[in-house]
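Step one of this worksheet: look at the structure below.
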Amino acid sequence: MTPLLVPKISETVHFVGSVCLPDQETVFTRLCSSLPSRLRRIPDGETGKRQHFVIFQRDVFNDSAFVQAPFPPGSAPKTQEFVPGLDAPQIHILPVEYDEFAISGYDKFCKLRNEGLVPEGVRFQVSLPTPINVLGNLVEPSWRARVEPLYEEALLAALKRIQHSIPSADLAVQWDLASEFAYLEGAASSPAWFSPLKDGIMERVLRVAAAVHEDVALGFHLCYGDMGHKHFIEPKDTALLVGLGNAIVHGLRRPVDWLHMPVPRNRVDSNYFAPLKRLDIGDTELYLGLLHADDEDGTRARIKAAAEFVAPFGLATECGLGRSSQAELNSVLEIVSRLRGPEG
Numbered sequence: 026m027t028p029l030l031v032p033k034i035s036e037t038v039h040f041v042g043s044v045c046l047p048d049q050e051t052v053f054t055r056l057c058s059s060l061p062s063r064l065r066r067i068p069d070g071e072t073g074k075r076q077h078f079v080i081f082q083r084d085v086f087n088d089s090a091f092v093q094a095p096f097p098p099g100s101a102p103k104t105q106e107f108v109p110g111l112d113a114p115q116i117h118i119l120p121v122e123y124d125e126f127a128i129s130g131y132d133k134f135c136k137l138r139n140e141g142l143v144p145e146g147v148r149f150q151v152s153l154p155t156p157i158n159v160l161g162n163l164v165e166p167s168w169r170a171r172v173e174p175l176y177e178e179a180l181l182a183a184l185k186r187i188q189h190s191i192p193s194a195d196l197a198v199q200w201d202l203a204s205e206f207a208y209l210e211g212a213a214s215s216p217a218w219f220s221p222l223k224d225g226i227m228e229r230v231l232r233v234a235a236a237v238h239e240d241v242a243l244g245f246h247l248c249y250g251d252m253g254h255k256h257f258i259e260p261k262d263t264a265l266l267v268g269l270g271n272a273i274v275h276g277l278r279r280p281v282d283w284l285h286m287p288v289p290r291n292r293v294d295s296n297y298f299a300p301l302k303r304l305d306i307g308d309t310e311l312y313l314g315l316l317h318a319d320d321e322d323g324t325r326a327r328i329k330a331a332a333e334f335v336a337p338f339g340l341a342t343e344c345g346l347g348r349s350s351q352a353e354l355n356s357v358l359e360i361v362s363r364l365r366g367p368e369g
């Protein structure tokens, strides 16, 4: 096996989760061969039906279709078969499958590590959505309060199986937070099943994060969406990202290993990055999603602008690469091979 000399944060490249490649083994092979000494952890690419974030989780509710929101989003509302109440049928949650994908991916990860392709010491990264992302996008509003504890239980059962099946020293778990920012930014109607908004979001994020074992690496992807390479709203600056990141790090009783924050392609101005001065995350690694395909000059400018307010930080794309083209993936890998973040 190839030993890992743990890269400095400034030299580390973080991959959020999805990658536009056909299967898990191809993802591991491509990323490790492209950046062999610059990875601390590596995802399986969320290949196949996982490429569109939580959409495949709609199948979890197939046995209780009356709770499903119209799909695709914006479709005409369906006629409600049942409404929550004493006479409502029991809700049945089918397997969420994240554990199945993780365990099969880890088997391939180990195979390639034994062959010397994956460096010893690189962790296998499992990216999971917080339940609010599934509830807010796939469940009828009137059913969200009923579905939430059932779905959360199923998701945490999958996490428990993942942690039982994969050695802690090999495992990294990343919670993906996207709908949280849609709600906090007012880009989506406030969730009616809890309030106050920010406190309810924090309570839910901290609850699922606490289920990650302390010797498993833990991180968070703070997200403004990437459908059609567009955000659900353009962030004014990093203030909300910084505020939520600080709250997560200080709200957990265990260390947070990394935070990932997006940087829009057109933001090279100090106004966007200035709130990073208020980051209070101790030894938590920071990764800024400022890598954009076909834009090496812009990426350099974004690194320079961010470095005025925070250092060190590692490099990442804004979001996953599952909906990118092969040309865009190639461009990102070529650009990042020539760049580094600032040292502290």
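26 is the number of the first residue of the sequence shown in the working numbering; add one for each residue after it. Here a beta-carbon is modelled for each residue, glycine too, at the ideal position from N, C-alpha and C.
Check	Outcome
Inter-residue CB distance, residue 92 and residue 165 (contact presumed, cutoff 8 Å)	6 Å
Where residue 194 falls, given that 16 or more other Cβ within 10 Å makes a residue buried	exposed
Touching by the beta-carbon criterion (3+ pairs, under 8 Å), the stretch 279-290 and the stretch 237-249	yes
Where the alpha helix (DSSP H) containing residue 304 begins and where it ends	Unbroken run through residue 304: none, as it is neither H nor E.
Any non-hydrogen atom of the ligand NAP closer than 8 Å to residue 287 Cβ	Of the ligands one can find in the structure shown there are none, so the ligand NAP has no counterpart to examine.
Sequence-distant residues of its chain with Cβ nearer than 7 Å to residue 212 (five each side left out)	257, 258
Spatial distance of residue 366 from residue 187 (CA atoms)	32 Å
Range covered by the alpha helix (DSSP H) that runs through residue 322	321-332
Every unbroken alpha helix (DSSP H) inside the stretch 142-223 [4 residues or more]	156-163, 169-190, 204-209
Candidates 129, 252, 55: closest to residue 203 by CA position	252
Beta carbon of residue 180 nearer than 9 Å to that of residue 153	yes
Through-space distance from residue 207 to residue 250, alpha-carbon basis	9 Å
Host beta strand (DSSP E) of residue 358 (start-end)	Residue 358 -> not in any beta strand (DSSP E); alpha helix (DSSP H) instead, spanning 351-362.
Whole-number beta carbon distance between residue 310 and residue 270, since they are thought to touch under 8 Å	Not quite, the Cβ-Cβ distance comes to about 12 Å (not below 8 Å), so this is no contact.
Collapsed DSSP secondary structure at residue 298 in the structure displayed	helix
Sufficient close CB pairs (3 or more, under 8 Å) joining the stretch 314-330 to the stretch 282-300	yes
Every unbroken beta strand (DSSP E) inside the stretch 38-75 [3 residues or more]	66-68
For residue 74 and residue 167, the rounded distance between their alpha carbons	27 Å
Three-state secondary structure assigned by DSSP to residue 82	helix
Best match in 118, 225, 223, 275 for proximity to residue 304 [C-alpha to C-alpha]	275
Presumed contact (8 Å Cβ cut-off) between residue 169 and residue 175, rounded CB distance	About 11 Å separates the two Cβ atoms, so there is no contact after all.
Through-space distance from residue 123 to residue 191, alpha-carbon basis	13 Å
Residues of its chain near residue 177, where Cβ-Cβ distance is below 6 Å and the 5 sequence neighbours each way are ignored	156
Cβ-Cβ distance between residue 266 and residue 233 below 9 Å	no
Which listed residue (215, 49, 300) has its alpha carbon closest to that of residue 133	49
Alpha carbon of residue 95 to alpha carbon of residue 182, nearest angstrom	27 Å
Contact the stretch 334-348 vs the stretch 32-41: 3+ CB pairs below 8 Å	yes
DSSP three-state assignment for residue 341, whether helix, strand or coil	strand
Proximity of residue 298 and residue 273 at Cβ, strictly below 9 Å	no
Sufficient close CB pairs (3 or more, under 8 Å) joining the stretch 347-354 to the stretch 38-58	yes
Rounded separation between residue 354 and residue 226 - CA only	33 Å
Cα-Cα separation, residue 361 to residue 220	42 Å
Beta-ladder partner(s) of residue 287, from DSSP	314
Inter-residue Cα distance where the pair is residue 325 and residue 295	14 Å
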